[in-house]
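Below is one structure, written out as structure tokens, with a few remarks after it.
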Amino acid sequence: MAGHSTYQPQNAIAKWLERRLPIISMMHGQAVAFPTPRNLNYFWTFGAIAMFMLITMILTGIVLVMHYTPHTSLAFNSVEHIMRDVNYGWLIRNLHQNGASLFFIAVYMHILRGLYFGSYKEPREVLWILGVLIFLLMMATAFMGYVLPWGQMSFWGATVITNLFSAFPIVGDPVVSWLWGGFSVDNPTLNRFFALHYLLPFMILGVVVLHIWALHVSGNGNPTGVEVKSEQDTLPFHPYYTIKDLFAVAVFFIFFLIFVFYMPMFFNHPDNNIEANPLVTPAHIVPEWYFLPFYAILRAVPDKLGGVLAMFGAIAVMFILPWLDTSKIRSMTYRPIAKVFFWLFVVACVALGYLGAAPAEGLYVVFSRIFMAIYFGYFVFLFVIGLVEKPKPLPNSITESVLS
Amino acid sequence: MFTQTKSRVRTFLAAATLAIGAVAAATPALASGDVVHIERQKWSFSGAFGTYDKAQLQRGFKVYKEVCSACHGMGLVSFRNLVQSGGPEFSEAQVKALIKEAGYETLDGPNDQGEMFKRPSRLSDRLPSPFPNPEAARAANNGAYPPDFSMIAKARAVAGSYPGSFLVDGLTLYAEHGPDYIYNLITGYKDAPKGHECADGLNYNDKFLSGTCIAMAAPISDDQVTYEDGSKQTVDQYARDVSAFLNWAAEPKLNERKQIGFLTLLFLTVLAGLLYLTTRKLWSGIKH
Ligand code: HEM
């Protein structure tokens, strides 16, 4: 692990520590000297951005918990207490609430980068799978976090989504009341969601450590998809990428804070400013935007169980993607036909996001089915095209490609 | 080969755009049943530098107190909030006089006899609600519930009426859908067109979000509330002022938020600029 380090402990304390726990030389090897391809573009900064977002979420979340009350009769007002009475509570809450959305934007960009440049391929399969796991944990965390302020969408969103499990034969209903801790979404549900919402981010942090470990075993990919061949192809991580990443993080935070300070309700549903009321069903129950593509897939299938399976399948397929894509060429830059389908896939994701917010009726459902077919079709296509396509010639090395 | 793929890329992108366009175009046609058209208004507190107009909030409070508070509570707002900066900014003496004059009382207790009792409200108390509970509110209003006003401006933010309008709102920092709605609703009462008459006890208003018949009768008419600062005493002006006031009730930290926001973004922009220059310097002469 510390193999890249050129670090020599200088003073007595560092030498003492080095013999007992070589943590400084390990950090030096991982975050300073680490050889990084010289040709990474700005799509490679979203990992660092996501890391900063995770830390922001954990810090603001811990402060929120100091003032929040997880009880159905008090939760809504305790969040308003944070907004109105706690010193800078509005800032902490707006950061946390909008942070969730911006975190997802960063992670979606990160995933799309992976899909375009084939980051999931040999030797990075485990790295990719850990990423999909992080994504799943994030979805669970965000879903349960959205329930905590106990607004109308919190309550009804939780009711609709937990009810999905009732689609499974025999075990369905018992599972749902087990999740609820009763016969409807109620105080026991809120309490367990709160406990899990506090726990999962730290599990995410743990998986992120594994993710970075795996990254530092295989090394970064790069836009050419040609692996690093010699030292010439690389630069030390610090200062080249530390500074570049920090620049990207600063720009992203400007984008993030524009929402926090000027449009704190932009991503939120107005109904969530109404306290949960089990007797009044909102006209349209919509999940947060980052779930919409999956929600559209759920509703595109006429059968409830089929819909649930398709929705989970849309994520599950990501786990086996490294083996579905039969091409050895990583970067879409050299796969002219596959590239077209990649963009079609992106279009389908955006369109599904749009359709997920529309009512599930008429033409909307027809379009949802078409785009769902494209979504899943992309993975089938990757399997087939890899066997027959004729890629463009690859550069011999990273250095050759940057010099040309 | 290369140009051929490029044109194929373009064909596919065009096809995709068309597909999305078709979906988007189908939207209003499909959903036209429940699209309410809300006219956007000018607000002193919109945009990056907008702040509340103190005089307007004071007028809005007067309208609320003299008219709307007969039916609508404001349970999350305290008397002391009326004094705080970034709000109507009454003086403490003014609010105390107002409590006395209006006879605001708060339920307290139990006392040493074990009984609950009413006492004059203090600055730290919440604004008292007109009804002890939602059931009483319904009973007094033909079964309809006059919603609490603490959050109404945030709870009724109607998005634009065309698909993708949220993108335009985002680019223009537009976040005033809530007060727009309240203004439109209060000024939106008119005679029902033929065939759209409302049942007894309901009133025609095509700005109402949940149908065209609302249980609240037109709550205010011209010259009903006396303004001391010479502002016009029209329904239009009342509606504007009370909407601004309700936005403050829902977003009491707006002034502070935008002020801190500006300084923070200024700082971050400078920081990003310096980091950009550092990055450029560092990478100059390195092929990448
Ligand atoms: C993976 C990182 C996290 C994500 C994606 C996330 C997401 C969310 C979301 C979407 C909400 C609802 C916001 C709203 O409607 O107001 C929320 C609320 C909340 N979260 Fe998190 N969260 C994360 C981490 C944390 C952590 C680490 C803590 C505490 C240790 C925490 C504590 C809370 C609390 C107390 C609330 C309720 C207060 C409120 O609604 O503003 N969160 N979270």
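Protein chains in written order, with the numbering used here: chain A, 1 to 404; chain B, 1001 to 1288.
Note that the Cβ used here is the ideal one computed from N, Cα and C, for glycine as well.
In the three-state reduction of the DSSP assignment, B/I1220 falls in the coil class.
In the same chain as A/V301, and ignoring 5 residues on each side of it, the C-beta atoms closer than 6 Å to its own belong to G307, A310, in chain order.
No beta strand (DSSP E) of 3 residues or more sits fully in the stretch 239-303 of chain A. A/I398 sits away from A/N77, with the two beta carbons spaced by 7 Å or more.
Scanning chain B for C-beta atoms nearer than 7 Å to the C-beta of A/V251 yields A1272, reported in chain order. Residue state for B/K1118 is assigned as strand, using DSSP reduced to three classes. B/P1088 places its beta carbon less than 7 Å from that of B/Q1058. Between the C-alpha atoms of A/G151 and A/N94 there is a straight-line separation of about 16 Å. When secondary structure is reduced to three states using DSSP, A/Y7 falls in the coil class, being assigned neither helix nor strand. Contact note: B/G1285 does not reach chain A at a C-beta cutoff of 8 Å; the least C-beta distance is about 12 Å. Unbroken alpha helix (DSSP H) runs of no fewer than 4 residues, entirely contained in the stretch 137-195 of chain A, are found at 152-163, 172-180, following chain order. Partner residues in the beta bridge of B/I1214, as assigned by DSSP, are B/N1203. Remark: C-beta atoms of A/D325 and A/L387 do not approach each other more closely than 7 Å. If you ignore the 5 residues before and after A/V147, its C-beta comes within less than 6 Å of the C-beta of S154, A158, F193, all in its own chain and listed in chain order. Counting every other CB atom within 10 Å of its CB across the protein chains shown gives A/E80 a total of 16 or more, marking it as buried. Taking all protein chains in view, the Cβ of A/A195 is surrounded by fewer than 16 other Cβ atoms within 10 Å, so the residue is classified as exposed. Contact annotation for B/K1154 against chain A: M265, P270, N273 [CB-CB distance below 7 Å, chain order]. Closest in C-alpha terms to A/E288, from the list A/G145, A/G225, A/K244, A/K390, comes A/G145. Its Cα nearest to that of B/R1138, the residue B/A1215 stands out among B/A1215, B/N1247, B/A1055, B/L1277. For A/E80, the chain B residues whose C-beta falls within less than 9 Å of its own C-beta are L1076, S1150, M1151, listed in chain order. For the stretch 1156-1175 of chain B, residues whose beta-carbon sits nearer than 7 Å to a beta-carbon of chain A comprise R1156, A1157, G1170, L1173, A1175.
Rounded to whole angstroms, the Cβ separation of A/M57 and A/H96 is 7 Å, and the two are in contact under 8 Å. Between the C-alpha atoms of A/V63 and A/L91 there is a straight-line separation of about 11 Å. In terms of beta-carbon proximity, B/H1288 lines the interface with chain A, with at least one pair separated by less than 7 Å.
Assignment of alpha helix (DSSP H) within the stretch 1124-1157 of chain B, counting only whole runs of 4 or more residues, yields 1134-1140, 1152-1155 in chain order. Beta-bridge partners of B/L1107 (DSSP): B/K1118. Neighbours of A/V402 across chain B, judged by C-beta separation under 7 Å: K1287, H1288. By the beta-carbon neighbour count (other beta carbons within 10 angstroms, threshold 16), A/I23 is exposed. Separation of the CB atoms of B/K1118 and B/T1106 is rounded to 7 Å, and the pair is thereby assigned contact status at 8 Å. DSSP places A/L321 within a helical segment (H, G or I) once states are collapsed to three. The bridge partners DSSP lists for A/P236 are A/P35. From the beta-carbon of A/I243, the residues of chain B found nearer than 8 Å are L1275, T1278, T1279, L1282. Per DSSP, reduced to three states, the secondary structure at B/S1078 is strand. Per DSSP, the beta bridge partners of B/Y1189 are B/N1205.
The three-state secondary structure of A/K339, taken from DSSP, is helix. Here B/S1165 is exposed, its C-beta having fewer than 16 other C-beta atoms within 10 Å.
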